[in-house]
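Visitor: Residues 151 to 310 in the numbering used here are what the sequence shown lists, from first letter to last. Glycine residues also receive a C-beta, built at the ideal position from the N, C-alpha and C atoms. Remember, predicted model here, so these are calculated numbers, not experimental data. Quick one: this structure, given as structure tokens, is what I'll be asking you about.
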Amino acid sequence: MRTFPAVLLALALAAVAGCSAARNAEPPISTLKGKDVVLILWHDSHFNYTLMEKVTDHVTRKGYKTINDEDYRADLYRASDYAAVVFLVKHEAKGSMKIADAFIKKHGGRGNIVASISHEWDVDGSTIKKSYDAFTAASKDFEQEEILKSITNRLDGMLK
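Here it is, written out as structure tokens:
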């Protein structure tokens with residue numbers, strides 16, 4: 151009878167490991183790729199969601215298609231598959247910053263990545279550098295238009 155709890159524990163551990171592996175094996179939200187596609191990876195917050203909608207509207211009016219996905223899924227994508235990649239991350243979300251940093255380190259050489267960091271304080275300690283177009287502002291709706299203008303100006307230069 152002592153083997154029953156051990157077997158139950160082993161089954162529970164296998165189930166947890168299987169769920170974790172399944173999450174990592176998720177396919178991208180879309181297989182759409184190309185020089186007419188902009189990938190927007192965003193951290194789940196009201197500020198970033200609204201900003202993502204505005205960036206999406208801007209690039210679709212320019213004739214581009216968009217894929218909008220959450221930043222934690224960034225490893226499912228390659229910057230070279232898209233006209234541009236936009237990261238909308240929140241400084242307080244350290245995991246989000248690490249994801250953006252890793253993606254930029256891996257794909258930053260293409261020069262098609264724009265990173266916007268929303269925060270409540272100075273972000274000089276971030277590993278994302280200004281050379282990757284890291285625009286900073288507090289997550290306040292009244293500052294969103296200024297951030298949007300910075301992002302869209304950079305995108306307009308990339309999407310010629």
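#1: Suppose contacts are defined by Cβ-Cβ distances below 9 Å. Is arginine 211 in contact with proline 178 by that definition?
#2: Alpha carbon to alpha carbon, how far is glycine 259 from aspartate 186? Give it in angstroms, no decimals.
#3: Could you tell me whether the region 200 to 217 touches the region 246 to 258, where touching means 3 or more Cβ pairs closer than 8 Å?
#4: Verify whether the separation of the beta carbon atoms of glutamate 220 and histidine 193 is less than 9 Å.
#5: Roughly how many angstroms separate the alpha carbons of tyrosine 232 and serine 195, rounded to a whole number?
#6: Secondary structure at leucine 201, three-state DSSP: helix, strand or coil?
#7: How big is the Cα-Cα spacing for leucine 226 and aspartate 306?
#8: Count the other CB atoms, across all protein chains shown, that sit within 10 Å of the CB of serine 268; report buried if there are 16 or more and exposed otherwise.
#9: Using the C-alpha atoms, what's the distance from glutamate 293 back to lysine 183?
#10: Got a sec, what are the start and stop residues for the alpha helix (DSSP H) serine 195 sits in?
Guide: So, from the listed chains and residues:
#1: no
#2: In a straight line, the C-alpha of aspartate 186 is about 19 Å away from that of glycine 259.
#3: no
#4: yes
#5: 24 Å
#6: Three-state result, leucine 201: helix.
#7: Note on geometry: alpha-carbon atoms of leucine 226 and aspartate 306 lie some 25 Å from one another.
#8: buried
#9: 32 Å
#10: Run containing serine 195: none; DSSP gives neither H nor E here.
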